[in-house]
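Chemist:
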Amino acid sequence: MLRNCTNFDVGELRYSAGISVTYLSPFGPLTFYVATPFGDKKGDDTKSFDFTVGSGF
């Protein structure tokens with residue numbers, strides 16, 4: 001969490017590239033994500049697969 005905007009460092013940003021697939025099920029949209037993190041550092045909590053149920057914002 002960013003607690004103080006004056007200490008913001010662009011070099012601390014993390015980024016990734018990947019794809020997503022959305023299936024419009026009768027229960028609502030299901031979205032699956034596969035991504036590869038770039039620029040991750042030791043101690044970062046990374047994952048390459050995720051999914052959501054419901055609509056995004």
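Residues in the sequence shown are numbered consecutively from 1, following full-length UniProt numbering.
All residues carry an ideal CB built from backbone N, CA and C; glycine is no exception.
Values in this document were obtained by computation on a predicted structure and should not be read as measured data.
As a quick exercise: from F27, V34, F38, pick the residue whose alpha carbon is nearest that of S55.
Modeler: Checked all of F27, V34, F38; the closest Cα to S55 is F27.
Chemist: Within the same chain, show all residues whose beta-carbon is closer than 6 Å to that of E21, passing over the 5 residues directly before and after it, in chain order.
Modeler: Here the sequence assigns Val to residue 21, which means Glu is not the residue at that position. The answer, listed in chain order, is F32.
Chemist: Are S16 and P29 touching if we call contact CB-CB under 8 Å?
Modeler: No, they are not a contact pair.
Chemist: Quick one: what's G43 bridged to in DSSP?
Modeler: Paired residue(s): none; G43 is not in a bridge.
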